Every structure is written in C-alpha cells, then in structure tokens.
C-alpha cells in the first residue's frame, strides 16, 4: 500500500472510476492541461483525453448547469469549482436545479454528479478562497454534502459519491491536501456516505468534527478521555452515531471552522437536544469561528478554532 | 497606422409569409398540404388550450398560468421540426411546443393546477421540466449537448427562452459554452417583446437579439415569429445542422405576447391598447388561414371542424385532469433522493 496525501488519493479515485466507467467525465476551469489549481486532476487529460477531461471557459454557473444536463443525459459528470467561494455564482444551478431535478421531474431525470471543490481556511489565499459555508448547502434537500478528513476516507468517499445516484457536493479541505499522508489501498473500497467514523474512542465527552478540524481536534483531545466522531457526510448526517456516543459520554462539544450562527453545529446540537437531552450532564458547547467573514491571511489564525479553544471547551463541559 | 477592420457582420431576418398571408415561393418549406393542415390544427389546438387554461384559472380550477396567445407560430413552427429523440429544455411558456410533440393536455393542466405528479415527462419524450427560474435551463441544455456529442448521438438539443432571459448571466454562459465546444444546440428565443412590464428596449440596447450570437462565434438569425413557415424553416435548418455536428444556432423569433404575463398580471398597466391591436392584426393563426385560403386548403367550415376537434381534445384533457385524486401527503417525499435519508423516512412515516 502506498503512503499518499489527499491530492494523490483523490486523483487515484478519479482515475480508477474513469477507467471503470466511461460515463465519468471531468469538467471545469483548468482541470485539464493544468491539472487543476491544486493538481488534483493532474495527468488525467493525458490519460483519458479531451473528451473526458474538459477545460471549460470561466463560468461557474455554466459548468454547474452543463453538468446537470450531462447527468440528465446519462453521464456522471464531475464538475470542479476552483474554490468554494466561487460556488456562489452557481448557487441557482445547484439549489434550484441539481438538488431538485429528480424531484421536479418526478424521477424522469436524475442528477448523478459530484461537484468537487476545495474548501476551508488556513492556506493563506486571497478573499473567497477559504470559505467554509457548508451549512448553506445542507439546508437544501436533494443535495448530499461530503467532507473527507484525510487521504484514506477521501478516496473511499469519492468512489461512493461517484456511484451515488444523486448529486453530491464533495468538499475537499485545502489545508489537508498535502498535510497528511496515510496508507491508501490501490484496490477498490468504498466509504459509505451518511456514516460517521469513530476517529478515537473515549468515555467522558463526545467531540464531533469534520474536514480539517478533525486533525486539530485529535491534537486537542490528547490527555482527555474523549470520543471523537468524524462526521464525513453532513447531509445526510449520522445522527444515530452522535446520539449513541452522547448517550455513552453525557457531554458534547462540536467543532467547526465555519461561523457559529446557523452553522452545521446548530443542527447537531438541536438533534441531540431532541433525542438525547436527558443523557446530557453539561450544556452542549460549540467551538467555531466568529460570525464574521472569512478574513485574509494575517487574521486567519484568529478566525479558525485552535487547539486551546477546543481544550477550554472540553474543560468547561467536564467541570460543569 | 491604418485602422484595421477585424471582422464585419450582418444580421439576417427571415420571413416567408407576410401579414396578408402571401408566401415567398422560394422560401416556402417543403411541406405537404396535410403537414400544413397539421401545423394549422396544432396552432388552433394551442390557442384553444390556452383560452381554456385562462378560463380554468379564472374559475379557480387551476393556479396561476402564463398564457401563450400570439406565440403559437413560434412554438408550433419550431417544435414541428423536432423528433422525440431530440432533447428539449423549455422555459415555462411553450405549451404549444409541448402539444406539438404530443405532450398530454391533462398533464399540462395538472402541472399548472399545482400537482407535482405532472412533472414527469412521458417516456417517449426527452423534455425537461418547466423551468420557472428564468434562463437557467440554457447551460443545462449545453450540458446535454455535450453529452450527446460525447455519445455520438445524432440528436439536437433545443432550448427555449424569452427575451428577458437574454439579460441573464446563464444565457451568456450557455451561449459561450455552445460556441467554444461547437455544440449540437439550438437556442430558440421567443422574443415576445415584454418581460412582464419591461419592454425589449429596457432589456437590451441591441438592434436585434439575433446579433448576440455573433459575439459567441456562431450563426444568429431573426425570424418573423408570427410566420409559422419561417420559424419552421429556420429551426429545421438549425436542427439538421446540430444533428450533423456542424454546431449551434441562435434563432430569435420576433413575436408578441398578446395576453398578460400570467393570469396574475394586468398588462394594461404598462402597454397601450393600440399596441395590442396592432399585433392582433398580425395574429399568426390569422396569417396562416389567409395563406391556406389562397391555396384552397381552408374555409370557415373546415376551421370550425378543426376547432371542434381541438376543443374535444382539450375537453377530454380537462376531464381527465379533474378526475385525478389529489396527491397524498407522502407524495412530498417522492423522488427527492433515490433512497430517502433516515430523517426523511421518519418524516414520511408521520404524514
């Protein structure tokens, strides 16, 4: 087994699925000759040709809309939007069409596509390049939202997403692209969508995180008897796993790098309040970014939750 | 340094039938008398359907409805050039195109009556659902055209939209994709000259909409949208061009919305009775009647017979629509995803 980073793992998943299924096509700005701005699609144009890897004009809504038409026609397009902040130009296509196509055509057409986009902060990039507005997308029924937290799950989740009959937004945490290396099997494996992963067993507090925050949470919980859940899929999310863990630990801390208000942590907290409130021994705490726009590089470390903030929250619920 | 001319353009306008119903024999498409009759009957059917739909809305039997009155030639003439294998990405005001392709009357009314179940296109037709968001179907059509080309299917993808949609970003993105990838795509703009209350001059400073295609590197043509033969001729050429791999075409059908934007609108607030009267004189059905009368194909009795057949079709559709039982609450969850999420499944159970 090879030690791969997340860029390599995603590239491998795409290449293997394109090999297996000629319906899988990539399209987006710079995905071909340039191999994508993070080189995630490097080598795929040479291997699969310009019919399968399409360098498009600069047009996020056009890319997303075209992917919908391709999917309805029977292909499995993988549109790439260079940064999550640029998906905003394609909101209408994603929200009003991709997510609703199966429903509004009453099953006559479906939209099996995987929208890949780098997401999240901590890479010292310009404005709109470090957004983490995943909760916006989770409000839309019909759209699945997946966030890998490392190379191994990235490959397995992407393969599962590519075989899913519905549209999936696949958010790739940019900070992790080259940060971690893991053993990634060359052979086929799937990581099921909608299932959380227990990243660390523990008994006195449950910490729920996803994406690049997982790496930070795992550092923060050293020395604590904490159970860490890596959510992996935000819509549909694995409420069962969260409730089961909270029933065991009696305490819950949610960590995300998006702003607090209406962040996805609110959904988790509300779900636990509905389903497991009598198991709680302390208030549910959220460690999040403040309710401000994602800042530029000089302030990003003051924006993203850090290890110390996570530890303070753990101490607070444990001492309550 | 001398100034260089980088490119030189012209914009064509096509008319076959003039207002008096006189045809240019050079341009008249090859159509049998029976085909001409069929076109006439379809336009009449579209008119009867439309009048009935407006009446049904007034009686509270369906919801808000966008009338097509005046646009029958643009819709029937263009759809007459298509087959069931071609792909259609409509907006929401092309019921005449739907009827031409054999879309069930009951299902059209069921949709405007607010019944989700009506959104499932019949299996023999590749028609996308009505697109109420203006212009967003245009890049989707580009995607289907990309897919058709990838699959080497000799089909044309056709997208319909109005003059208002040409102001939107998605129009640009779809047109640009079509040009860059030389897609088998036909853009049919029904320029009915009003986007609710905003007239064409409030929508664009262009002398025509057809000329917008020039900037994207492919042919744009304006046709008289109230002339069914001109619309048919231009669409047939564009569709054949698309099917043969020769690329996209933009067709501007210059027509007129004789009715309100929808049954919730009052066009009297923003346009003059004189303007409407001017266009009523140019009614596309009237024009075809004049032409067919000149050829000995039409007389008032034949019209009455055709109208009676159309009314019977619409009557049957209304009866069928009204006999449907209302959708059950569980219908809310139908086809949201291929498999409901656990939460959706739980929500469905208690409804």
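Residue numbers (this note's numbering), protein chains in the order written: chain A, 13 to 332; chain B, 53 to 403.
C-beta atoms are modelled at their ideal positions from N, C-alpha and C, and glycine is treated no differently.
Since the model is a prediction, treat every value here as computed from it, not as a measurement.
Item	Value
Would a check of beta-carbon distances place residue 71 of chain A closer than 8 Å to chain B?	yes
Check this for me: beta carbons of residue 196 of chain B and residue 85 of chain A, under 8 Å apart or not?	yes
My understanding is that residue 146 of chain B touches residue 212 of chain B, with C-beta atoms under 8 Å, so please give their C-beta distance in whole angstroms.	5 Å
Using C-beta distances below 6 Å, list every residue in its chain close to residue 309 of chain B, excluding the 5 sequence neighbours before and after it, in chain order.	122, 244 and 246
Taking residue 312 of chain B as the reference, give the member of B/328, B/306 and B/305 with the closest Cα.	B/328
Say whether the segment 307-324 of chain A touches the segment 228-239 of chain A, bearing in mind that this needs 3 or more beta-carbon pairs closer than 8 Å, one atom from each stretch.	yes
Do the segment 39-55 of chain A and the segment 152-166 of chain B meet, that is, are 3 or more Cβ pairs less than 8 Å apart?	no
Along the beta strand (DSSP E) that carries residue 210 of chain A, what are the first and last residues, could you check?	209-212
Quick check: what's the CA-CA separation for residue 27 of chain A versus residue 20 of chain A?	10 Å
First and last residue of the beta strand (DSSP E) that includes residue 328 of chain A?	Where residue 328 of chain A is concerned, there is no enclosing beta strand (DSSP E), although the alpha helix (DSSP H) it sits in stretches over 319-331.
Do the segment 272-284 of chain B and the segment 60-69 of chain B make contact, defined as three or more Cβ pairs closer than 8 Å?	yes
Between which two residues does the beta strand (DSSP E) harbouring residue 247 of chain A extend?	245-247
On the DSSP bridge assignment, give the partners of residue 64 of chain B in chain order.	B/273
I'd like the list of long-range same chain contacts for residue 141 of chain B, defined as Cβ closer than 8 Å, with 5 residues on each side in sequence excluded.	180, 183, 189, 190, 192, 193, 196, 209, 210, 211 and 212
Name the chain B residues whose beta carbon is nearer than 9 Å to that of residue 31 of chain A?	Under the 9 Å cutoff, chain B gives no residues; its nearest Cβ is about 17 Å from residue 31 of chain A.
Which stretch, first to last residue, makes up the alpha helix (DSSP H) that contains residue 255 of chain B?	From DSSP, residue 255 of chain B is part of no alpha helix (DSSP H); its letter is neither H nor E.
Output needed for residue 152 of chain A: all residues of its chain with C-beta closer than 7 Å, excluding positions within five of it in sequence on either side, in chain order.	107 and 111
At the level of alpha carbons, what is the spacing between residue 270 of chain A and residue 370 of chain B?	52 Å
What are the residues of the segment 387-401 of chain B that lie near chain A, defined by any Cβ-Cβ distance shorter than 7 Å?	387, 388, 389, 390, 393, 394 and 395
Using a C-beta to C-beta distance shorter than 9 Å, which residues of chain A count as neighbours of residue 171 of chain B?	115, 116, 117, 118 and 120
With a threshold of 8 Å between beta-carbons, can residue 178 of chain A be considered close to chain B, or not?	yes
Please classify residue 254 of chain A as buried or exposed, where buried requires at least 16 neighbouring CB atoms within 10 angstroms.	buried
Pull out every residue of the segment 203-226 of chain B whose Cβ sits closer than 7 Å to any Cβ of chain A, in chain order.	221, 222, 225 and 226
Could you confirm whether any beta carbon from chain A is found closer than 8 Å to the beta carbon of residue 84 of chain B?	no
Apply the 10 Å Cβ neighbour rule to residue 250 of chain A and answer buried if 16 or more other Cβ atoms are within range, or exposed otherwise.	buried
I want to know whether the segment 333-342 of chain B touches the segment 112-131 of chain B - three or more CB-CB distances under 8 Å.	yes
Under 8 Å, with one C-beta from each stretch per pair, do the segment 197-215 of chain A and the segment 241-248 of chain A reach the 3-pair mark?	yes
Nearest-angstrom Cα distance between residue 269 of chain B and residue 67 of chain A?	18 Å
Identify each residue in the segment 70-90 of chain A for which the Cβ-Cβ distance to at least one residue of chain B is less than 9 Å, and report them in chain order.	71, 72, 73, 74, 75, 76, 77, 78, 79, 80, 81, 82, 83, 84, 85, 86, 87 and 89
Taking any Cβ of chain B, which residues in the segment 48-62 of chain A have a Cβ under 7 Å from it, in chain order?	none
DSSP on residue 128 of chain A, reduced to helix/strand/coil?	strand
Apart from the five residues on each side of it in sequence, which residues of its chain come closer than 6 Å, Cβ to Cβ, to residue 116 of chain B?	314, 315 and 316
Need the endpoints of the alpha helix (DSSP H) that residue 280 of chain A sits in, please.	276-288
Using 8 Å as the threshold, is the segment 213-222 of chain A in touch with the segment 260-280 of chain A, meaning 3 or more CB pairs across them?	yes
For a contact defined as C-beta to C-beta under 7 Å, what are the partners of residue 63 of chain B on chain A?	Result: empty, since nearest Cβ-Cβ is about 24 Å, beyond 7 Å.
Have a look at the DSSP bridge pairing and note the partners of residue 67 of chain A.	A/40
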